[in-house]
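Everything on this sheet refers to the single structure shown next.
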Amino acid sequence: MKRHELSTEHDDLRAAVETFAQTEVKPVIGDFYERNAFPYELVAKMGTMGLFGLPFPEEHGGMGGDYFALCLALEELARVDSSVAITLEAGVSLGAMPIFRFGTEEQKKAYLPKLTSGEALGAFGLTEPDGGSDAGATKTTARLENGEWVINGTKSFITNSGTDITALVTVTAVTGRREDGRPEISAILVPTGTPGFSVGQKYSKVGWNASDTNELVFEDCRVPEANLVGERGRGYAQFLRILDEGRIAIAALSVGLAQGCVDESVRYAHERQAFGNSIAAYQAIQFKIAEMEARAYTARLAYYDAASRMLAGEPFKKEAAIAKLIASNAAMDNSRDATQVFGGYGFMNDYAVGRFYRDAKILEIGEGTSEVQKMLIARELGLPA
Ligand SMILES: Cc1cc2nc3c(=O)[nH]c(=O)nc-3n(C[C@H](O)[C@H](O)[C@H](O)COP(=O)(O)OP(=O)(O)OC[C@H]3O[C@@H](n4cnc5c(N)ncnc54)[C@H](O)[C@@H]3O)c2cc1C
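Each number in the working numbering corresponds to the 1-based position in the sequence shown with 29 added.
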């Protein structure tokens, strides 16, 4: 099979999400965005459609699909709106996936059915005020005391962490020192409502305004020792694995935004008249749109390739980093060009391209900046760290 061919199941799913995005998300999302409001009803509908359960087995309430299915859904959602898409991406790939991959049977039973149905959201707390790219420099600590972890520290920019349906956050914390003196980092599950765990400031963001992002504060927050996720001391390595996969998902989301820019530009170029012609007749506009399509198309091939390697059990770290790097570039470039095609209207919040422009930048930052992707690619090529 060629890597870029969709199976019937994948294409049916893609088409169902496309219909949902175009008919249910598109008409309402601009209003949520302007009010900085979280779209609970849309999230509930995505839950009913099974989107939060796509890559999980049925025994955990999932749909029995694969990670590529999630990526296709993200692409179709982001063609219309990135806040909704990132809510799904973070809910699945950062919220539920660490528990599915590394959690105990008890943790899976307690949380996965709620997370995979979309009834609840989970969050992933790695970034701190003093370090995101250098995630190994975690300052949050967790010490074992009478069978409980006592957590202290602050996490920054955590997606889905403060909604009314947020059930938990999995955080990285220093739980000791290794023999070589380096910090031992572990992952610990903290349920919402645990005393000592509070949601700090809500940010005023440039984009993703209908998604939920918060600072989290832990002050002598106590959770049972059994809330360790995975092996003690493997928290950092586990999170890196989660981020490798997450990069393919963010690449898919970026391709969706890049394609949405093409969709909107083609439509608007036909409608808009200037100098006695539709602007679609002008080669300068055609070339701009042709380049946009070429970027979206090549970035899509890159994420399809990375996803198919991952599903085949082949190494995919380099391909995931390449896909994220070029897809986020494509999203950024396309949103700038689409806004230009729209002229002054592109600068107005009433038009989707203005939202695309504001939403594109974070794609070059979140889940590893573009510089971090280049570092990963260089290391995979054997260049020194
Ligand atoms: C809306 C939003 C949602 C987010 N959601 C989450 C979430 O759910 N969970 C979570 O844990 N985090 C989340 N993040 C955090 C995000 O992953 C980090 O912002 C990102 O990893 C970058 O970290 P930083 O902001 O600390 O930047 P820094 O690491 O301080 O980087 C600053 C600049 O320096 C560059 N740089 C750093 N080190 C090097 C180097 N060695 N060589 C070259 N350049 C370098 C970076 O590329 C960047 O350009 C979110 C962020 C945002 C804005």
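C-beta atoms are modelled at their ideal positions from N, C-alpha and C, and glycine is treated no differently.
Endpoints, the alpha helix (DSSP H) within which residue i is located
i, result
"residue 76", "69 to 77"
"residue 175", "No alpha helix (DSSP H) contains residue 175, which DSSP labels as neither H nor E."
"residue 149", "Unbroken run through residue 149: none, as it is neither H nor E."
"residue 129", "126 to 131"
"residue 358", "346 to 370"
"residue 300", "264 to 300"
"residue 115", "111 to 118"
"residue 106", "96 to 107"
"residue 92", "Premise fails: residue 92 is in no alpha helix (DSSP H) and is neither H nor E."
"residue 59", "55 to 63"
"residue 406", "399 to 409"
"residue 39", "37 to 49"
"residue 389", "381 to 389"
Boundaries (first-last residue) of the beta strand (DSSP E) holding residue i
i, result
"residue 334", "Per DSSP, residue 334 belongs to no beta strand (DSSP E); it is in the alpha helix (DSSP H), 312 to 340."
"residue 226", "226 to 231"
"residue 245", "242 to 253"
Bridge-paired residues (DSSP) for residue i
i, result
"residue 202", "215"
"residue 157", "160"
"residue 181", "170"
"residue 187", "243"
"residue 307", "302"
"residue 258", "216"
"residue 197", "151, 220"
Assumed close pair residue i, residue j - CB separation to whole angstroms, cut-off 8 angstroms
i, j, result
"residue 196", "residue 149", "4 angstroms"
"residue 122", "residue 275", "5 angstroms"
"residue 103", "residue 278", "6 angstroms"
"residue 112", "residue 240", "4 angstroms"
"residue 247", "residue 181", "6 angstroms"
"residue 397", "residue 272", "6 angstroms"
"residue 267", "residue 413", "The pair is not a contact, with the Cβ atoms about 25 angstroms apart (cut-off 8 angstroms)."
"residue 125", "residue 144", "4 angstroms"
"residue 243", "residue 187", "6 angstroms"
Candidates the options: closest to residue i by CA position
i, options, result
"residue 350", "69, 395, 45", "395"
"residue 252", "318, 171, 67", "171"
"residue 74", "134, 296, 106, 94", "106"
"residue 337", "258, 281, 413", "281"
"residue 232", "191, 385, 92", "191"
"residue 261", "205, 296, 290, 211", "205"
"residue 391", "370, 378, 379, 359", "359"
"residue 80", "52, 59, 62, 119", "119"
"residue 270", "332, 339, 230, 309", "339"
"residue 40", "194, 99, 61, 414", "99"
"residue 42", "90, 57, 95", "95"
"residue 378", "36, 210, 97, 238", "238"
"residue 331", "315, 318, 353", "353"
"residue 147", "71, 61, 188, 210", "71"
"residue 221", "327, 236, 207, 200", "200"
"residue 323", "313, 117, 343, 291", "291"
"residue 225", "234, 207, 210, 179", "179"
(message) Under 5 angstroms, CB to any heavy atom of ligand 1. Which residues pass, going along the chain?
(response) So the residues near ligand 1 by this Cβ test are 153, 155, 156, 161, 162, 186, 187, 188, 242, 395, 398, 400.
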